[in-house]
Amino acid sequence: DAGVTQSPTHLIKTRGQQVTLRCSPKSGHDTVSWYQQALGQGPQFIFQYYEEEERQRGNFPDRFSGHQFPNYSSELNVNALLLGDSALYLCASSLVGDPLGAFFGQGTRLTVV
Amino acid sequence: QKEVEQDPGPLSVPEGAIVSLNCTYSNSAFQYFMWYRQYSRKGPELLMYTYSSGNKEDGRFTAQVDKSSKYISLFIRDSQPSDSATYLCAMSSSGSARQLTFGSGTQLTVLP
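Quick look at the structure:
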């Protein structure tokens, strides 16, 4: 079982650009959540996808959008990148309604310059 | 004020020491309480969880929840250098989506 896989592992983008991050959930999981973890901080919830729909959203601007595909994999898109978007982006997969079974990937380290 | 407050440390202890990590929270809706361990350049991994108030023990680790005080703790007995990591408390309500709200993490170093 490969667990949760995220790609790419590292990314450097220029302010104003757009970025797409990808996540493949753990086998058997149907729900994907995205978190942003700034340096020295805990992860902050961005949004959660289930059945290809956004179920819940944290306090993030519309520049952050996502998608879930029929195979449960997911993408996180960030438009008009700001320097403050530099962070570790974590994907967590789980079965719907089960917070205790959330498995996290290793994350994508995004640096905006 | 943040919903979950956690002392960021850093905390440095000798091998074999008992470690106490704590979080306080303000949201009475939180029902599930978790501790995650995060090694450098890795994603968080679930260490322990409790539902509502009470204690839970797993080997060298004990998690405690006091909902009346809105206070949770993680105790590590006989700490080992391999326990060196960042420890994150996390909480969720009983809603269907159950997003996790994390503390800021405590960086722990166990010295051999």
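Protein chains in written order, with our numbering: chain A, 1 to 113; chain B, 1001 to 1112.
For every residue, glycine included, the Cβ atom is placed at its ideal position computed from N, Cα and C.
Every value quoted in this text rests on a predicted model; they were computed, and no experiment measured them.
- Three or more Cβ pairs closer than 8 Å define a contact, and the stretch 1009-1017 of chain B falls short of that threshold against the stretch 45-57 of chain A.
- For the 9 Å CB-CB criterion, B/Tyr1032 and B/Pro1044 do not form a contact.
- Scanning its chain for C-beta atoms nearer than 6 Å, with the 5 sequence neighbours on each side dropped, one finds around A/Lys13 the residues Val19, Leu81 and Val112, in chain order.
- Within the model, the alpha-carbon separation for B/Ala1090 versus B/Ile1018 is close to 21 Å.
- Under DSSP, B/Pro1014 forms a beta bridge with B/Leu1111.
- Assignment of A/Gly101 by DSSP, reduced to helix, strand and coil, places it in the helix class.
- Ranking A/Thr108, A/Ser94 and A/Tyr72 by CA distance to the CA of A/Ser86 puts A/Thr108 first.
- A straight-line Cα-Cα distance of about 24 Å links B/Arg1060 and B/Glu1005.
- The secondary-structure analysis by DSSP pairs B/Tyr1039 with nothing; it has no beta-bridge partner.
- Spatial neighbours of A/Gly101 in its own chain (CB-CB distance under 7 Å, excluding positions within 5 residues in sequence) are listed in chain order as Ser94 and Leu95.
- Approximately 7 Å separates the beta-carbon atoms of A/Ser24 and A/Val4; this is inside 8 Å, confirming the contact.
- Taking a C-beta cut-off of 9 Å against chain B, the contacting residues of the stretch 29-44 of chain A are Thr31, Ser33, Tyr35, Gln37, Gly40, Gln41, Gly42, Pro43 and Gln44, listed in chain order.
- The Cβ atoms of A/Ala38 and A/Leu83 do not sit closer than 9 Å to each other.
- A straight line joining the alpha-carbon of A/Thr9 with that of B/Lys1042 spans about 11 Å.
- Here the alpha carbons of A/Ser65 and B/Gln1107 stand approximately 31 Å from one another.
- Any Cβ of chain B closer than 9 Å to the Cβ of A/Gln106 would place that residue at the interface, and such an atom is present.
- With respect to B/Tyr1025, B/Thr1101 sits close: the two C-beta atoms are nearer than 9 Å.
- The beta carbons of A/Phe60 and A/Gln36 sit closer together than 9 Å.
- Following the DSSP letters along the chain, one finds A/Ser65 inside the beta strand (DSSP E) bounded by residues Phe64 to Gln68.
- In the three-state DSSP reduction, B/Gly1054 falls in the strand class (E or B).
- Annotated three-state conformation of A/Asp85 is helix, per DSSP.
- Short of 6 Å from the beta carbon of A/Gln48, and not among the five residues preceding or following it, lie these beta carbons of its own chain, in chain order: Ser33, Arg55 and Gln56.
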